[in-house]
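Take a look at the structure set out below.
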Amino acid sequence: MPEDNQEAEAAASYWERRFAAEGMIWGGAPSPTAAHASALFRSEGVRTVWVPGAGYGRNTKALSEEFQVSGTEISASAVELARDWDPRSDIRQGSILEPQEGEREVDGVFCYDVIHLFLAGDRGRLARQIRRRLRPGGVLYLTCFSDEDVNCGRGEQREPGTFVYKPGKTAHFFAFGELQELFPGFEVMEEAHITEALPGPEGLHSYRLRIWAARAGSRSAAE
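Reminder that position 123 of the sequence shown reads as 123 in UniProt numbering, one-by-one numbering, no gaps.
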């Protein structure tokens, strides 16, 4: 089995165990980036939004107040939680790396803290799925671990910029320009940083995130 497939299966098992055991892991409050993305989507006339790695709906609930939101989530337990927490959004179980039955083209994609969880091959697969789902001229709003985060460079290096930064936790830390390489043909609208604190078993932990917003070009330009 290819290494990326093994990694994806291990990640799916990890998240199912966590959501089944811990429920709403990060609480009910959305990330501040959900409001930031909503303002950008609003200004760009976005009506439909896809959220890959939607979890239990922590962020989709904020987005679905204004937009028609669909989401894809690998964990069945998280999807069950989302149906109660955010009934306005259509969140379905499935892999964000593969086409899903009944999917539709959307005006916007909100990809929050997901793409850094994969090795290079699967980061490319996710980027291709986003390009395929997002209409030309649509808006991608993406957050990921930044190479400015204190964990960058800690632990075993799996690939360039990718580290086992704590036991059982592998992540890629994105440098400036890397996301443009993953999304050729996209017009960068904004690239910025935010420090965000999330609750965990040992209390609040701060992460340095890279925010990247871009407008999709024609699909032929991305090939």
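Here a beta-carbon is modelled for each residue, glycine too, at the ideal position from N, C-alpha and C.
All values derive from a computational prediction rather than experimental measurement.
Please return the same chain residues whose Cβ sits closer than 6 Å to the Cβ of residue i, not counting the five positions on each side in sequence.
i: Arg88; result: Ser64
i: Ile115; result: Arg123, Leu126 and Cys144
i: Ala197; result: Leu204 and Ser206
i: Asp113; result: Thr143
i: Glu191; result: Trp212
Per DSSP, residue i forms a beta bridge with which residues?
i: Glu190; result: Ala213
i: Lys166; result: Lys169
i: Glu156; result: Val164
i: Val114; result: Answer is none; Val114 lacks a bridge partner.
i: Ser206; result: Ala197
i: Ile91; result: Gly71
Could you give the distance in angstroms between the alpha-carbon of residue i and the alpha-carbon of residue j?
i: Ser218; j: His205; result: 39 Å
i: Phe67; j: Trp26; result: 23 Å
i: Ala35; j: Ala62; result: 7 Å
i: Ala82; j: Ala21; result: 15 Å
i: Pro2; j: Ala120; result: For Pro2, the pLDDT reaches just 46, beneath the cut-off of 50, and the residue's location in the model is therefore unreliable, although a value from the coordinates is still provided. Cα to Cα, Pro2 sits roughly 13 Å from Ala120.
i: Gly203; j: Lys166; result: 16 Å
i: Gly161; j: Phe173; result: 6 Å
i: Gly108; j: Glu159; result: 30 Å
i: Leu182; j: Phe118; result: 13 Å
i: Ile211; j: Gly177; result: 12 Å
i: Leu142; j: Ser13; result: 24 Å
i: Glu44; j: Asn59; result: 19 Å
i: Ala10; j: Cys111; result: 21 Å
i: Arg131; j: Leu40; result: 19 Å
i: Glu7; j: Leu179; result: 21 Å
i: Gly168; j: Asn151; result: 14 Å
i: Arg128; j: Ala175; result: 20 Å
i: Ser38; j: Glu98; result: 26 Å
i: Ala171; j: Gly23; result: 23 Å
Can you find the residues in the same chain that come closer than 7 Å, C-beta to C-beta, to residue i, ignoring five residues on each side of it along the sequence?
i: Thr72; result: Pro52, Ala54, Arg92, Gly94, Ile96 and Gln100
i: Glu16; result: Ser75, Ala76 and Ser77
i: Arg18; result: Ile25
i: Glu148; result: His193 and Arg208
i: Asp86; result: Gly57, Thr60, Lys61 and Ser64
i: Pro199; result: Trp26 and Gly27
i: Thr33; result: Tyr112, Thr143, Ile194 and Ile211
i: Ala214; result: Leu140, Phe183, Phe186, Glu187, Val188 and Met189
i: Ser146; result: Phe173, Phe174, His193, Arg208, Leu209 and Arg210
Tell me which same chain residues have a C-beta within less than 8 Å of the C-beta of residue i, skipping the five on either side of it?
i: Glu156; result: Phe163 and Val164
i: Ser70; result: Thr48, Val49, Trp50, Val51, Ser89, Asp90, Ile91, Arg92, Glu103, Arg104 and Val106
i: Arg42; result: Glu66
For residue i, count neighbouring Cβ atoms within 10 angstroms of its own Cβ and tell me buried if that reaches 16, exposed if not.
i: Gly153; result: exposed
i: Thr195; result: exposed
i: Val79; result: buried
i: His193; result: exposed
i: Ala216; result: buried
i: Pro30; result: buried
i: Asp84; result: exposed
i: Arg133; result: buried
I'd like to confirm something about residue i: is its beta-carbon nearer than 7 Å to some heavy atom of the ligand MN, or not?
i: Gly71; result: Questions concerning the ligand MN fall outside what the structure shown contains, since it holds no ligand whatsoever.
Quick check: the segment 37-52 against the segment 125-141, are at least 3 beta-carbon pairs closer than 8 Å? yes
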